[in-house]
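Numbering (the numbering used here), first residue to last: 1405 to 1590.
The structure appears below as structure tokens.
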């Protein structure tokens, strides 16, 4: 059960929660949570269910009962690909149950855009996105503000707010985006 404690601590810290914060969310004492995190005690199923709920997980996700193998190779031929206008997307992350992050590779043609000012946010509340420009130039339009990015630059932002990328240059732009679902709090 030490692995469960490690997962609890890692998830709690990723959610930027203190032991007291998680105790309030779960109804489990901070002392008990600390003992679980350190592997000093194994939680009962009832306590584990409360902890899972406080971390916005199912019990099976916390205990990794529904998990696929620890290593999943996704051959390039299996990547899902789609395009819209001058925007080509290759989804690099395989569709797995309980997956909390997506990685995708993008190619944006000159004058191309990933969306528009009136588009609704496409990601669940609390999502964060990081994009890395591999080649070319890119502009992040976030909440009506423009943020120019050059090759090698990266940007991280709240993905549940209106945003899109534009290529204002005269050559194609390649970038990778990582979207982590539901990690931002408050």
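Where is the CB? At the ideal position from N, CA and C, for every residue including glycine.
| Query | Result |
| --- | --- |
| Nonlocal neighbours in the same chain, by C-beta distance under 8 Å from residue 1487, ignoring five residues either side | 1493 |
| C-beta neighbour in chain B for residue 1475, strict 8 Å | Among the chains of the structure shown, chain B does not appear; only one protein chain is present. |
| For residue 1552: DSSP bridge partner residues | 1543 |
| Own chain, CB closer than 6 Å to residue 1434, minus 5 neighbours either side, in chain order | 1423, 1424, 1427 |
| Best match in 1504, 1526, 1490 for proximity to residue 1572 [C-alpha to C-alpha] | 1490 |
| Sufficient close CB pairs (3 or more, under 8 Å) joining the segment 1502–1516 to the segment 1557–1568 | no |
| Alpha-carbon spacing of residue 1475 relative to residue 1579, whole angstroms | 25 Å |
| Residue 1553 versus residue 1577: straight-line alpha-carbon distance, rounded | 11 Å |
| Bridge-paired residues (DSSP) for residue 1509 | 1494, 1580 |
| Coarse secondary structure for residue 1417, derived from DSSP in three states | helix |
| Residue span of the beta strand (DSSP E) that contains residue 1562, given as start and end | 1558–1562 |
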